[in-house]
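Participant: Going down the list, the sequences are from chains A and B.
Under this note's numbering, the first residue of the first sequence carries the number 1, and numbering increases by one thereafter.
Under this note's numbering, the first residue of the second sequence carries the number 1, and numbering increases by one thereafter.
In this text, a Cβ means the ideal position worked out from N, Cα and C, and glycines have one as well.
Let me begin by handing over the structure; questions about it come next.
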Amino acid sequence: MVVKSFIIMPNKRYNSFNVENFLDDADFLRYVKHNNSVDVSFWDNWQANIPENLASFKAAKLQLQLILSDQPKIATSNFRDQLLADINISIDTIQKAKRSKTIRLIVTSGIAASLFVVAFVSWFFLSTVTVKSNFAENRLVHLPDGSEIQLNANSVLSYARAFKWKARREVRLKGEAYFKVKHININPDQIKKGELFVAITDGAKVQVLGTEFNLKDRHNTTTIALVKGKIQVSSNKTGQSYIMHPGDFIDFNPNGNRVKNAVGSTNQTAWLSGKIILNQTTVSEILREFEDLYGYKVILDSPALGNKKIDGAISIKSEESLLFTLKNILNVDIQKEGKTIYLKNR
Amino acid sequence: MKKETNDFDLWQNLLNGDRLALNKIYERFLSPLYQYGMRMLQDEDAVRDCLHNLFVKIWVNHKTLKPTDNIKYYLISALRNSIINYKNQENRFQKVDIQENDVFDLRFTVESEYIKKEEQNQKVLQLSEAMNKLTSRQKEIIYLKYFEEMDYDEISKIMDLSKKGTYKLSARALEALREIMNVDKAMLLAILLVAKR
Chain A
1 MVVKSFIIMP NKRYNSFNVE NFLDDADFLR YVKHNNSVDV SFWDNWQANI PENLASFKAA
61 KLQLQLILSD QPKIATSNFR DQLLADINIS IDTIQKAKRS KTIRLIVTSG IAASLFVVAF
121 VSWFFLSTVT VKSNFAENRL VHLPDGSEIQ LNANSVLSYA RAFKWKARRE VRLKGEAYFK
181 VKHININPDQ IKKGELFVAI TDGAKVQVLG TEFNLKDRHN TTTIALVKGK IQVSSNKTGQ
241 SYIMHPGDFI DFNPNGNRVK NAVGSTNQTA WLSGKIILNQ TTVSEILREF EDLYGYKVIL
301 DSPALGNKKI DGAISIKSEE SLLFTLKNIL NVDIQKEGKT IYLKNR
Chain B
1 MKKETNDFDL WQNLLNGDRL ALNKIYERFL SPLYQYGMRM LQDEDAVRDC LHNLFVKIWV
61 NHKTLKPTDN IKYYLISALR NSIINYKNQE NRFQKVDIQE NDVFDLRFTV ESEYIKKEEQ
121 NQKVLQLSEA MNKLTSRQKE IIYLKYFEEM DYDEISKIMD LSKKGTYKLS ARALEALREI
181 MNVDKAMLLA ILLVAKR
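Below is the structure:
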């Protein structure tokens, strides 16, 4: 008995199809993949006629089902939303930068914390553990006392191998890191020596009991941003000390003097989520950060470009996305030669 | 009920400078782009970067883009370029031949929990790994053809192959698969019938 086939299906010679032919057919693929009622009806009817190549049909269907068996990879809604937000922030930043006509000299907002200056290299008689992060690499360090330090790129952290002992919890930093210090003090009225945590850089020394802060020491400038807790900071060069509260930040210039300015702490820790927040930040500052983190030397076609101010946020997660964003903000072409990058005006 | 904008109009809105059109395009096409990206790169952070750059680039250049009625094809094509650039960047200091290190994540997924017999479990595991006998290019073409339902014309342009090269690659991939699948047809059938999605 012949069953009438649906007119919707193209007039193909399915009866003479071999396995390869079926696998190449878009309509067959749609049928196996989506199982639409129209397709299913058609193919059920086709099979009911017991065509000679029914075996080929079945084999092809089986193979196709196996090919299609892989589980789909689905983005979480968090990923979707976050990415869209980042995309829009980048676009806003680029558009704002393009529109801005004035070129002014701006000093980057910075967070500096002065830490007590105590560092004497001769202090380290015992062997030291040194952790280094390369360019474009962040590292997480777990200290023996349970404290956590997130190192930004191109930074060095060192501490006495016998850290866990009585004396003091002390680490040295070159570069930038975010500290989560474990609080071990029991009696606040009687602070024992080992309960104090000390972080030392070239420019400053920070003393804390248990807190979270960002510490940055590059190009002879020390910046400290306090997120949680209370800390005491002193300038290595002047000996002047300061108490900081959450949200505070201190900036020490190469002379060890405190610079007066006012920018929020959140900006200084943006690097933890792969961004830098720009608040009237000059292009020179951005490029210097890039150099610090990725190890390049950047040369601008016109130095005046370095004075341009930018507001917004840019991703520093990969050098590619950072360069790409800069390329668009400044309207330049990028030329790389080894470890040098030239930004040429278009 | 609001009718969904077709590809051509949506893209045209973008070309005309409608920022919301960009968001709409993102909503509509992120899934296939994410999936393709993850299969090419396996690293979500890398995929995020490439997708970020792709969409920012599209907006920055929106005035110079050409109209199209097939946005998905355009985006996957552009994403592929973005991924290649990304890989070139990453490999720059590693001095590794990019082609050799390419991995395309595609596999057979078979539910082994339904198969009781030990011997059959073995075969099931073999099958799961079998797809790895294909090269990453072969897996990619299978993915574009069967998962994204693209035709040879589109695939040849996306993968930068000649029309002839595309046919050859596809044939070889299917041939390789067939060899794998000739293992035990009855067994295959049993697995697929049992492992219902």
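Taking Y199(B) as part of the alpha helix (DSSP H), name the residues at either end of that continuous run.
Facilitator: The displayed coordinates of chain B run from 1 to 197. Any statement about residue 199(B) would go beyond what the structure contains.
Participant: Shorter than 8 Å from the beta carbon of I341(A) to some beta carbon of chain B?
Facilitator: Translated into the one-based positions of the first sequence, residue 341(A) becomes position 341. So, not an interface residue.
Participant: Put V259(A) into one of helix, strand or coil per three-state DSSP.
Facilitator: In the first sequence, counting from the first residue as 1, residue 259(A) sits at position 259. Coil, per DSSP.
Participant: From which residue to which residue does the beta strand (DSSP E) around S133(A) run?
Facilitator: As a working note, residue 133(A) is residue 133 in the first sequence. S133(A) -> beta strand (DSSP E) spans T128 to S133.
Participant: Mind checking which residues open and close the alpha helix (DSSP H) that includes E14(A)?
Facilitator: Numbered from its first residue, the first sequence carries residue 14(A) at position 14. Note that residue 14(A) corresponds to Tyr in the displayed sequence, not to Glu. That residue, Y14(A), is in no alpha helix (DSSP H); it is neither H nor E in DSSP.
Participant: Who are the neighbours of I97(A) on chain B, taking C-beta pairs under 7 Å?
Facilitator: Here residue 97(A) is taken as the residue at index 97 of the first sequence, counted from 1. Per the sequence presented here, residue 97(A) reads as Ala, with Ile not at that position. What A97(A) touches in chain B: nothing, since even the nearest Cβ is about 12 Å away.
Participant: Excluding the five sequence neighbours on either side, which residues of its own chain have a C-beta within less than 6 Å of the C-beta of G146(A), listed in chain order?
Facilitator: Locating residue 146(A) in the first sequence gives position 146, where the first residue counts as 1. Excluding residues within five positions, the ones whose Cβ falls inside 6 Å are K182.
Participant: Kindly identify the DSSP beta-bridge partner or partners of I310(A).
Facilitator: One-based indexing of the first sequence puts residue 310(A) at position 310. T281(A), per the DSSP bridge assignment.
Participant: Among T222(A), N21(A) and V227(A), which residue has its Cα nearest to the Cα of N255(A)?
Facilitator: Position 255 of the first sequence, counted from the start, is the residue given in the question as residue 255(A). Cα-wise, what sits closest to N255(A) is T222(A).
Participant: Assign T325(A) to buried or exposed, taking buried as 16 or more other Cβ atoms, counted over all protein chains shown, within 10 Å of its Cβ.
Facilitator: The residue given as residue 325(A) occupies position 325 in the first sequence. Under this definition T325(A) is a buried residue.
Participant: What residues in its chain sit with their C-beta under 8 Å from that of V2(A), if we drop five residues either side in the sequence?
Facilitator: As a working mapping, residue 2(A) is identified with position 2 in the first sequence. Any reading at V2(A) needs caution, since the residue's pLDDT is 45, under 50, leaving its predicted position unreliable; the model's value is listed next. The residues are N49.
Participant: Could you check how far apart the C-beta atoms of V131(A) and R139(A) are, in whole angstroms? I think they sit under 8 Å.
Facilitator: To locate residue 131(A), count along the first sequence from 1; it is residue 131. To locate residue 139(A), count along the first sequence from 1; it is residue 139. Contact holds; Cβ gap of about 6 Å.
Participant: Per DSSP, which residues does G175(A) bridge with? Please list them.
Facilitator: The count along the first sequence starts at 1 and reaches residue 175(A) at position 175. According to DSSP, which records beta bridges pairwise, G175(A) is partnered with D217(A).
Participant: Tell me which residue opens and which closes the beta strand (DSSP E) that R139(A) is part of.
Facilitator: Mapped onto the first sequence, residue 139(A) falls at position 139. Its beta strand (DSSP E) spans residues R139 to H142.
Participant: If distances are taken between C-alpha atoms only, which option among S77(B), N132(B) and I71(B) comes closest to F8(B)?
Facilitator: For the purposes of this step, residue 8(B) is taken as residue 8 along the second sequence, with counting starting at 1. Per the Cα distances, I71(B).
Participant: How would you label A26(A), buried or exposed, when you count the other beta carbons within 10 angstroms and need 16 or more for buried?
Facilitator: Walking along the first sequence from the start, residue 26(A) turns up at place 26. That one is exposed.
Participant: Under 8 Å Cβ-Cβ, which residues of chain B neighbour N328(A)?
Facilitator: In the first sequence, counting from the first residue as 1, residue 328(A) sits at position 328. What N328(A) touches in chain B: V56 and V60.
Participant: Establish whether the CB of M159(B) and some CB of chain A are separated by less than 8 Å.
Facilitator: Here residue 159(B) refers to the residue found at position 159 when the second sequence is read from its first residue. Answer no: the Cβ-Cβ gap between M159(B) and chain A never drops below 8 Å.
Participant: Does N70(B) come within less than 8 Å of chain A when only Cβ atoms are used?
Facilitator: By one-based count along the second sequence, residue 70(B) stands at place 70. So no, N70(B) is outside the interface.
Participant: Measuring straight from C-alpha to C-alpha, what distance separates Q65(A) and K58(A)?
Facilitator: If you number the first sequence from 1, residue 65(A) lands on position 65. If you number the first sequence from 1, residue 58(A) lands on position 58. Q65(A) and K58(A): Cα-Cα distance of roughly 11 Å.
Participant: Less than 8 Å separating the beta-carbons of K96(A) and G338(A)?
Facilitator: Walking along the first sequence from the start, residue 96(A) turns up at place 96. Walking along the first sequence from the start, residue 338(A) turns up at place 338. No, these two residues do not count as a Cβ contact at 8 Å.
Participant: Output needed for Y74(B): all residues of its chain with C-beta closer than 7 Å, excluding positions within five of it in sequence on either side, in chain order.
Facilitator: Indexing the second sequence from 1 puts residue 74(B) at position 74. Counting only Cβ-Cβ distances below 7 Å, and skipping sequence neighbours, we find T68.
Participant: Straight-line CA distance for E170(A) to A173(B)?
Facilitator: Translated into positions along the first sequence, residue 170(A) becomes position 170. Translated into positions along the second sequence, residue 173(B) becomes position 173. Answer to the nearest angstrom: the Cα atoms are 60 Å apart.
Participant: Would you please verify whether the beta carbon of E149(B) is less than 8 Å from any beta carbon of chain A?
Facilitator: As a working note, residue 149(B) is residue 149 in the second sequence. Closer than 8 Å: yes.
Participant: Under 9 Å Cβ-Cβ, which residues of chain B neighbour L293(A)?
Facilitator: Taking the first residue of the first sequence as 1, we reach residue 293(A) at position 293. What L293(A) touches in chain B: nothing, since even the nearest Cβ is about 15 Å away.
Participant: Return no unless some Cβ of chain B is closer than 8 Å to the Cβ of R346(A).
Facilitator: If you number the first sequence from 1, residue 346(A) lands on position 346. So no, R346(A) is outside the interface.
Participant: So, for R218(A): in the same chain, excluding its five sequence neighbours on each side, which residues have a beta-carbon less than 6 Å away from its beta-carbon?
Facilitator: Within the first sequence, residue 218(A) is the residue found at index 218, counting from 1. For R218(A), where only same-chain residues beyond five positions count, the Cβ hits under 6 Å are D292.
Participant: Select from N23(B), T135(B) and D160(B) the residue whose C-alpha is nearest the C-alpha of L177(B).
Facilitator: The residue you call residue 177(B) lines up with position 177 of the second sequence. For the residues N23(B), T135(B) and D160(B), the minimum Cα distance to L177(B) belongs to T135(B).
Participant: Helix, strand or coil: which one does DSSP assign to Q150(A)?
Facilitator: Taking the first sequence and counting its residues from 1, the one referred to as residue 150(A) is at position 150. Correct three-state label for Q150(A): strand.
Participant: Which residues in chain A sit within 7 Å of F29(B), going by Cβ to Cβ distance?
Facilitator: Residue 29(B) sits at position 29 when you count from the first residue of the second sequence. Under the 7 Å cutoff, chain A gives no residues; its nearest Cβ is about 12 Å from F29(B).
Participant: Taking just the CA atoms, how far does N132(B) sit from I83(B)?
Facilitator: Counting from 1 along the second sequence, the entry for residue 83(B) is found at position 83. Counting from 1 along the second sequence, the entry for residue 132(B) is found at position 132. Roughly 21 Å separates the two Cα atoms.
Participant: Within this structure, are the beta carbons of S358(A) and E176(A) separated by less than 8 Å?
Facilitator: With chain A covering 1 to 346 only, the question about residue 358(A) has no answer from this structure.
Participant: Return the first residue and the last residue of the beta strand (DSSP E) that Q190(A) is part of.
Facilitator: As a working mapping, residue 190(A) is identified with position 190 in the first sequence. That residue, Q190(A), is in no beta strand (DSSP E); it is neither H nor E in DSSP.
Participant: Secondary structure at D202(A), three-state DSSP: helix, strand or coil?
Facilitator: Along the first sequence, one-based indexing puts residue 202(A) at 202. Reduced to three states, the DSSP call for D202(A) is coil.
Participant: Assess contact between the stretch 57–64 of chain B and the stretch 6–22 of chain B, defined as three or more Cβ pairs (one per stretch) separated by less than 8 Å. Is contact present?
Facilitator: Yes: the two stretches touch, three or more of their Cβ pairs being nearer than 8 Å.
Participant: Can you give me the C-alpha to C-alpha distance between D189(A) and V208(A), rounded to a whole angstrom?
Facilitator: Here residue 189(A) refers to the residue found at position 189 when the first sequence is read from its first residue. Here residue 208(A) refers to the residue found at position 208 when the first sequence is read from its first residue. Going by the C-alpha atoms only, they are around 15 Å apart.
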